[in-house]
Amino acid sequence: MTNSRTRVAAMKAAVWAACLVPLVWSVWRFVRGEASVDPVEEWLHRSGKTAVIILVASLAVTPLRRLTGWNTAQKFRRLLGLFAFFYAALHLGVYLYFDQGLAWSFILEDVTERPFIVSGTVAFLLLVPLAVTSTRGWIKRLGKNWVRLHRVVYVAMAAALLHYTWGQKADIRDPLIVGAIVAVLFGVRLSYWARKRAKR
Amino acid sequence: MFFKKKKPWEFIASSEITPETHYVNRRQFMGASLAFAAGAALRPTGARGAVERLGRLQEPEVGDVTYGENLRDELNSYEQVTTYNNFYEFGTGKEDPVRNAGSFRPEPWTVEVTGEVHKPGTYSVEDLAPPSMVEDRIYRLRCVEAWSMVIPWRGVGLREIISKVEPTANAKYVAFETAVRPAEMPGVRRPILDWPYREGLRIDEAANELTFMATGLYGRDDLPNQNGAPLRLVVPWKYGFKSIKSIVRIAFVEEQPYTTWKASAPHEYGFYANVNPEVDHPRWSQARERLLPFGRRETDLFNGYTEMVEHMYRGMDLSRWY
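Written out as structure tokens, the structure reads:
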């Protein structure tokens, strides 16, 4: 028992370390004067991509568990979800502070008029309640509704993918690859839901 | 040199080109940025590592600058100019060109001049831009992605080249084409854009005094590969993508030529692509720009070159002809 517990703790530490790599890398490059000539663009891209990748990883947990029977994976889901939110918040922060210089009139115009920015904003706003209700207390309080609420993550993911795609000038290969992975993960989920229904 | 005739835009006070408030904002912004990064003494100087791998370049002095004297204070460094490039033939990332352009061979090089000209033919770079004629010009380069850099180019006015090849009266437009070499340009192995990269100008735009064919930068005669060796266009009042790189073909034509970005996304990129803070890109605002690395300024109509170019667009609806 203790053995498996320490193993889980060690794996959690590894997930933490892996998730922190993009942030540490960005700071390291900047401090050493090796950041891109346009650090703001570099930070925007890295934080956005990282948020998307970790969010996909969090969505992969349940399908992975079901396909492989490796139930320990479930223990990393919240951590991954919260890290995705953390990078999404960093991404938003870099946009507001470094890219826009907190010029609210411009930001308001962006957020309301440009589909590219609207999609990103929607994705972030949808992640907020999910992050807030990720605590044990909220899970208990919401009961069955917690699961329902957290299905919103797929909507947030779709909005994020749209934002990612619109962020490209011509080469949309990366968002397409991520989109295909998300589609497979969603397909696995759907097939389980369908089977569950058929049993009833 | 006894008298250097001042160009009209050299009389513009630098405070007019970059209002003082922007300077102040820029400082505050930079201060805040640095404090945020908790490394005030460690301002990034660009991807220095990448340049050193190219063989420890010396930072040269700008020589006899005849254009854009007022931009001198804002010059971006040689490292910045040569390590942050949009040159999709070498990859779509800004640092891909410096990484991938090393095996590109800009010598020997010929440019095919065709179409409505009295002297068509195959020209060498020296034919088009004789070393005795090159001059240095400082221009602000405003990218359609809403960032800008100030760059000291070396080269010749495109009008010199035009008068050399003698266009006929039928020449209404000039079309340019970039080299396509899959073996040396990893980016062209995938159909990200419809290669070869093509750009064009109206003949009066091409003959404008500002339009420049660069063969070097920062007082040096050699243009780094990632900046468009051995010769590239510089059209300072238009978005950067008009300034086509590594040109192998110049055609004088009657009809408006095919241009790559317009064909790729016609609702986002037009033939004219004049810098205009009033005409937004559908996905982002063009009202302001990030002056790399951490500056910020309000974008000027025609990138601040209004006086030299506005006569060409009189009566044109610039939001329609974007």
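Quick mapping for you: the protein sequence lines, in order, are chains A and B.
Residue numbers for the first sequence follow my numbering, beginning at 124 and rising by one.
Residue numbers for the second sequence follow my numbering, beginning at 312 and rising by one.
Glycine included, every Cβ here is placed at the ideal spot set by N, Cα and C.
What residues from the stretch 597-613 of chain B come within 8 angstroms of chain A, judged by C-beta to C-beta, listed N to C? 598, 599, 601, 603, 604, 605, 607
DSSP three-state call for residue 458(B): helix, strand or coil? strand
Report the three-state DSSP secondary structure of residue 362(B) (helix, strand or coil). In this prediction, residue 362(B) has a pLDDT of 38, which is less than 50 and means its spatial position is unreliable; nothing more can be read from the coordinates.
How is residue 578(B) classed by DSSP in three states: helix, strand or coil? coil
Confirm, please, whether the CB-CB distance from residue 484(B) to residue 568(B) is below 7 angstroms. yes
Is it true that the stretch 151-163 of chain A meets the stretch 388-408 of chain B, where meeting means three or more beta-carbon pairs spaced less than 8 angstroms apart? yes
What are the boundary residues of the beta strand (DSSP E) that residue 425(B) is part of? 421-426
If the criterion is Cβ atoms closer than 7 angstroms, does the pair residue 432(B) and residue 524(B) meet it? no
Quick one: any contact between the stretch 275-293 of chain A and the stretch 235-248 of chain A, if contact means 3 or more CB pairs under 8 angstroms? yes
At least one CB of chain B closer than 7 angstroms to the CB of residue 237(A): is that the case? yes
Given 8 angstroms, three or more beta-carbon pairs between the stretch 589-605 of chain B and the stretch 425-439 of chain B: no
Are the beta-carbon atoms belonging to residue 427(B) and residue 482(B) less than 7 angstroms from one another? yes
Is the CB-CB distance between residue 586(B) and residue 410(B) below 7 angstroms? no
Only counting the same chain, and skipping five residues up and downstream in sequence, which positions put a Cβ closer than 7 angstroms to that of residue 401(B)? 407, 408, 411, 412, 496, 497, 498, 537
Please report the straight-line C-alpha distance between residue 570(B) and residue 489(B), rounded to a whole angstrom. 11 angstroms
Quick one: Cα of residue 378(B) to Cα of residue 178(A), how far? 51 angstroms
Beta-carbon contacts of residue 204(A) that lie in its chain and below 6 angstroms, excluding the five residues immediately before and after: 181
In chain order, what residues of the same chain have a beta carbon less than 8 angstroms from the beta carbon of residue 603(B), not counting five sequence neighbours either side? 387, 391, 395, 458, 459, 460
For the beta strand (DSSP E) containing residue 489(B), list its first residue and its last residue. 484-489
In angstroms, rounded to a whole number, what distance separates the CA positions of residue 442(B) and residue 513(B)? 27 angstroms
Among the residues of its own chain, which have a CB less than 6 angstroms from the CB of residue 551(B), if the five just before and after it don't count? 452, 454
Interface residues of chain B around residue 324(A) at Cβ under 8 angstroms? As shown, chain A starts at 124 and ends at 323. That puts residue 324(A) outside it, with no answer to give.
Considering residue 320(A), what are the terminal residues of the alpha helix (DSSP H) in which it resides? 296-322
Using 8 angstroms for Cβ pairs, my map puts residue 542(B) next to residue 554(B). What's the rounded Cβ distance? About 11 angstroms; that fails the 8 angstroms criterion.
Rounded distance between the beta-carbons of residue 174(A) and residue 211(A), thought under 8 angstroms: 4 angstroms
So is residue 139(A) buried or exposed if we call it buried at 16+ other beta carbons inside 10 Å? exposed
Based on the DSSP output, what are the partners of residue 511(B) in its beta bridges? 486(B)
Length of the line joining the Cα atoms of residue 506(B) and residue 207(A): 37 angstroms
Any residues in the stretch 274-299 of chain A with a beta carbon nearer than 9 angstroms to a beta carbon of chain B? Which ones, in chain order? 289, 290, 291, 292, 293, 294, 296
Comparing C-alpha positions only, which one of 312(A), 305(A), 294(A) sits nearest to residue 500(B)? 294(A)
Compare the C-beta of residue 594(B) with all C-beta atoms of chain A and state if any pair is closer than 7 angstroms. yes
How far does the alpha helix (DSSP H) with residue 247(A) in it extend, from its first residue to its last? 238-255
Using a Cβ-Cβ cutoff of less than 7 angstroms, which residues in the same chain neighbour residue 167(A) once the five nearest sequence positions on both sides are dropped? 214, 217, 218, 222
Does the stretch 130-148 of chain A come within contact of the stretch 185-204 of chain A, defined as at least 3 CB pairs closer than 8 angstroms? yes
Let me check understanding here. Comparing Cα to Cα, which of 491(B), 450(B), 397(B) lies closest to residue 416(B)? 491(B)
Where the alpha helix (DSSP H) containing residue 176(A) begins and where it ends: 162-191
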